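Asks: Please read through the structure below; I'll follow up with questions.
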Amino acid sequence: MKYNRAAATHAVFPTTCWTAVISLKNAGSDKSIDTAMSSLCETYWYPLYAFARHKGRSSHDAEDAVQGFFVSIASVIYFQKADHNTGKMRTFLLTGFTRYMKDVYKHDNAKKRGGDVQSVSLDTDQAEEWLTADPNSGEDSAVLDFEKNWARSTMRLAIELLGKEAEGSAKAEARFKVLSRFLNPESCHDFTRQEAAEELGITADSCDKAIQRLRQSFRLNVKELVASTLEDPSEENIMEEMIQLQKALTSV
1141 MKYNRAAATH AVFPTTCWTA VISLKNAGSD KSIDTAMSSL CETYWYPLYA FARHKGRSSH
1201 DAEDAVQGFF VSIASVIYFQ KADHNTGKMR TFLLTGFTRY MKDVYKHDNA KKRGGDVQSV
1261 SLDTDQAEEW LTADPNSGED SAVLDFEKNW ARSTMRLAIE LLGKEAEGSA KAEARFKVLS
1321 RFLNPESCHD FTRQEAAEEL GITADSCDKA IQRLRQSFRL NVKELVASTL EDPSEENIME
1381 EMIQLQKALT SV
């Protein structure tokens, strides 16, 4: 069974993570397990990969660790141990991944290398580009870096989902390509709204309104993604996580 990291972005929206855990605990069908694992992998593969790298693993070993971990948890037995009292999917996964690297990785790595199990497909070249652009804060801050990378992965996935909504229309895709730059301060610091309006052939006022609508949709996607990682997605818990996400993004 192979889980493709990119596959989940083709869905309108990823499976709710805790719902995925429940389906695995209840021994769902092979198809539901594949969907559940694709959802988990899409959101968490890079934060876990970066965590392993920040813990001193080489790129090759970090990839093996993430692949082996996702293969090891793709079973009903693992998720039967899931404690919903943890509340947050990333807490549950990071705890399991840390334990895996310490106690299981060295044994599973040799077995996985034997080729009995198909591995998770990871874009490690892209991951290394992200790591180069944002070096780690040191091993002692690996958990904080994990939080930051979780936040950034959530933002990237929210943007990818918006891009999927624009597919099928050349005009919508072209507009999204230009306007999505305003969802990331780093990509628009040298790109003005006037330039965007001229490139799209619309007025500055129309451009401002389009950016505002896109940002509203973006915030909604982020909120939905955050909610999907909570066992109890109450408005209070979601807002608490949104605040945590913002703190993680602004951490140094």
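Numbered per my numbering, the sequence shown spans residues 1141 to 1392.
Every residue, glycine too, gets a C-beta built ideally from N, C-alpha and C.
Since the model is a prediction, treat every value here as computed from it, not as a measurement.
Is K1363 helix, strand or coil when you go by DSSP?
Replies: Here residue 1363 refers to the residue found at position 223 of the sequence shown. Reduced to three states, the DSSP call for K1363 is helix.
Asks: Under three-state DSSP, which class holds H1150?
Replies: Residue numbering aside, residue 1150 sits at position 10 when the sequence shown is read from its first letter. Caution is warranted here: a pLDDT of 34 is assigned to H1150, below 50, making its placement in the model unreliable, and the coordinate value is therefore given only provisionally. In the structure shown, H1150 sits in a helix (DSSP, three-state: H, G or I).
Asks: When burial is assigned at 16 or more other CB atoms within 10 Å of the CB, is E1305 buried or exposed?
Replies: Taking the first residue of the sequence shown as 1, we reach residue 1305 at position 165. Classification of E1305: exposed, given that the 10 Å Cβ count is below 16.
Asks: May I ask which residues mark the beginning and end of the alpha helix (DSSP H) holding V1209?
Replies: What you label residue 1209 is simply residue 69 of the sequence shown in a count that begins at 1. In the sequence on display, residue 1209 carries Phe and not Val. Start and end: S1199 to I1213.
Asks: Between R1315 and K1242, what straight-line distance do the alpha-carbon atoms span, to the nearest angstrom?
Replies: Position 175 of the sequence shown, counting from 1, holds the residue named residue 1315. Position 102 of the sequence shown, counting from 1, holds the residue named residue 1242. Approximately 47 Å between the Cα atoms of the pair.
Asks: Taking 8 Å as the threshold (C-beta atoms), are A1388 and K1228 in contact?
Replies: Translated into the one-based positions of the sequence shown, residue 1228 becomes position 88. Translated into the one-based positions of the sequence shown, residue 1388 becomes position 248. The answer is no: Cβ separation not under 8 Å.
Asks: Using C-beta distances below 7 Å, list every residue in its chain close to F1331, excluding the 5 sequence neighbours before and after it, in chain order.
Replies: The residue labelled residue 1331 in the question sits at position 191 within the sequence shown. For F1331, where only same-chain residues beyond five positions count, the Cβ hits under 7 Å are R1321.
Asks: Quick one: Cα of I1378 to Cα of Y1184, how far?
Replies: The count along the sequence shown starts at 1 and reaches residue 1378 at position 238. The count along the sequence shown starts at 1 and reaches residue 1184 at position 44. Straight-line Cα distance between these residues: approximately 18 Å.
Asks: Just verifying my parser: in three-state terms, what is the DSSP assignment at L1370?
Replies: Locating residue 1370 in the sequence shown gives position 230, counting from the first residue. DSSP places L1370 in strand when its eight states are reduced to three.
Asks: What residues are listed by DSSP as bridge partners for K1228?
Replies: As a working mapping, residue 1228 is identified with position 88 in the sequence shown. BP columns for K1228 point to L1370.
Asks: Check the C-beta distance from E1307 over to E1300 and give it rounded, since I have them as a contact under 8 Å.
Replies: Reading the sequence shown from its first residue, position 167 is the one you call residue 1307. Reading the sequence shown from its first residue, position 160 is the one you call residue 1300. Their Cβ separation, rounded to whole angstroms, is 11 Å, which puts E1307 and E1300 out of contact at 8 Å.
Asks: By alpha-carbon positions, which one of T1390, E1376, E1268 and A1214 ends up nearest to F1191?
Replies: Walking along the sequence shown from the start, residue 1191 turns up at place 51. Comparing Cα positions, the closest option is E1268.
Asks: Could you check how far apart the C-beta atoms of A1298 and L1319 are, in whole angstroms? I think they sit under 8 Å.
Replies: Start at 1 with the first residue of the sequence shown, and residue 1298 comes out as number 158. Start at 1 with the first residue of the sequence shown, and residue 1319 comes out as number 179. Actually they do not touch by this definition, with Cβ atoms about 14 Å apart.
Asks: Quick check: the Cα distance between L1354 and A1282, rounded to an integer number of angstroms?
Replies: Here residue 1354 refers to the residue found at position 214 when the sequence shown is read from its first residue. Here residue 1282 refers to the residue found at position 142 when the sequence shown is read from its first residue. One C-alpha to the other measures close to 33 Å.
Asks: Under 8 Å, do L1271 and V1206 count as touching if we go by C-beta distance?
Replies: Within the sequence shown, residue 1271 is the residue found at index 131, counting from 1. Within the sequence shown, residue 1206 is the residue found at index 66, counting from 1. Not closer than 8 Å, so no.
Asks: If you follow the alpha helix (DSSP H) that K1288 is in, where does it begin and where does it stop?
Replies: Looking up residue 1288 in the sequence shown gives position 148. Here the alpha helix (DSSP H) through K1288 covers A1282 to A1306.
Asks: Kindly list the residues whose CB is nearer than 6 Å to the CB of Y1240, restricted to its own chain and excluding five residues on each side of it in sequence; keep chain order.
Replies: Numbered from 1 along the sequence shown, position 100 holds the residue referred to as residue 1240. Excluding sequence neighbours, Y1240 sits near F1209.
Asks: For S1391, which of helix, strand or coil comes out of DSSP?
Replies: Mapped onto the sequence shown, residue 1391 falls at position 251. Residue state, collapsed to three classes: coil.
Asks: Using 10 angstroms around the beta-carbon of H1200, count the other beta-carbons present and answer buried if the total reaches 16, otherwise exposed.
Replies: The residue you call residue 1200 lines up with position 60 of the sequence shown. Exposed, since its Cβ has fewer than 16 Cβ neighbours within 10 Å.
Asks: With the cut-off set at 8 Å, would you say T1395 and V1366 are in Cβ contact?
Replies: Outside the shown range of the chain (1141 to 1392) lies residue 1395, about which nothing can therefore be said.
Asks: In this structure, how does DSSP classify F1331 when only helix, strand and coil are distinguished?
Replies: Taking the first residue of the sequence shown as 1, we reach residue 1331 at position 191. If DSSP states are grouped into helix, strand and coil, F1331 belongs with coil.
Asks: Compute the distance between the beta-carbons of R1333 and A1344, then report whether it is under 8 Å.
Replies: By one-based count along the sequence shown, residue 1333 stands at place 193. By one-based count along the sequence shown, residue 1344 stands at place 204. Closer than 8 Å, so yes.
Asks: Could you tell me how far apart the beta carbons of F1286 and L1370 are, in whole angstroms, since I believe they sit closer than 8 Å?
Replies: What you label residue 1286 is simply residue 146 of the sequence shown in a count that begins at 1. What you label residue 1370 is simply residue 230 of the sequence shown in a count that begins at 1. The pair is not a contact, with the Cβ atoms about 17 Å apart (cut-off 8 Å).
Asks: State yes or no: is the C-beta of G1180 within less than 8 Å of the C-beta of A1291?
Replies: Reading the sequence shown from its first residue, position 40 is the one you call residue 1180. Reading the sequence shown from its first residue, position 151 is the one you call residue 1291. For the record, residue 1180 in the displayed sequence is Leu; it is not Gly. Not closer than 8 Å, so no.
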